[in-house]
Amino acid sequence: MKTFKARELINSFKQQSRLLLEFFEGKTVREYLEKEDNEKKREHVVYEMGRLLARIHDAECPEPLVSKQPWVHRMLQEAQYNLIHYKVDGNQQLLKQLQKQNMICRKEVLIHGDYTIDNVLVHDGRITAVIDWSGGTCGDARYDMALAVRFEDGIFTGKDSVFF
């Protein structure tokens, strides 16, 4: 597995918006788990997905992604905006309950923001890339972990998440 280098990517985007296109060989973890029947191979890929996420969270959060406002407050503001402007699953009462909980993240780290089985690629049983970094920021590592291990019917089961 190559060294994770978030700073190189972030530094290239500091001055202007760019579209980064690169080909990564592989299929999504979702596609891999749907087709792979060998339990040991499945366990290995899920385990490696978890190890890679730990490395992402251990990487230094690039300065352009650091915010003075706590990540959880930014997410609650975004939820409020989405509640007003879009059809969403939640409601105002649920949002108010969340706002009253005064959630705290002890340490904000580099997060992907959408670390799911659809954004991690596998080739020959090895993780080759993490794609779609549009949600990357400094935030709460638990957010990435919760997205990564959520149950998917017949794809990512509770049994698989044990190895994450």
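Taking this note's numbering, the leading residue of the sequence shown gets 73, the next gets one more, and so forth.
Glycine residues also receive a C-beta, built at the ideal position from the N, C-alpha and C atoms.
Just so you know, these numbers come straight off a predicted model, no measurement behind them.
Per the coordinates, the alpha-carbon of I128 lies some 34 Å from the alpha-carbon of Q165.
Counting only runs of at least 4 residues, the region 181-214 fully encloses no alpha helix (DSSP H) element at all. Our two residues, E111 and H157, have alpha carbons roughly 44 Å apart in a direct line. In the three-state reduction of the DSSP assignment, K99 falls in the strand class, which pools E and B. Residues M175, C177 and D212 of the same chain have their beta carbon placed closer than 7 Å to that of V144, with the five preceding and five following residues left out of the count. With a contact defined as Cβ atoms closer than 8 Å, L125 and Y187 qualify at about 6 Å. Within a 10 Å sphere around the beta-carbon of G208 sit 16 or more other beta-carbons, which makes this residue buried.
The residue among H184, I203 and M147 with its C-alpha nearest the C-alpha of A131 is H184.
Taking 8 Å as the cut-off, the beta carbon of I199 is found no closer than this to the beta carbon of L105.
Rounded to whole angstroms, the gap between the alpha carbons of S139 and D109 is 44 Å. The Cβ neighbour count for P134, taken over all protein chains shown within 10 Å, is at least 16; the residue is labelled buried. When rounded, the separation of the alpha-carbon atoms in T100 and K159 is 28 Å. Taking C-alpha positions only, G122 is separated from M217 by approximately 8 Å. Out of A151, C210 and L148, the CA that lies nearest to the CA of V181 is found in C210. Boundaries of the alpha helix (DSSP H) around R123: E111 to D130.
Here R114 is buried. Its C-beta has 16 or more other C-beta atoms within 10 Å.
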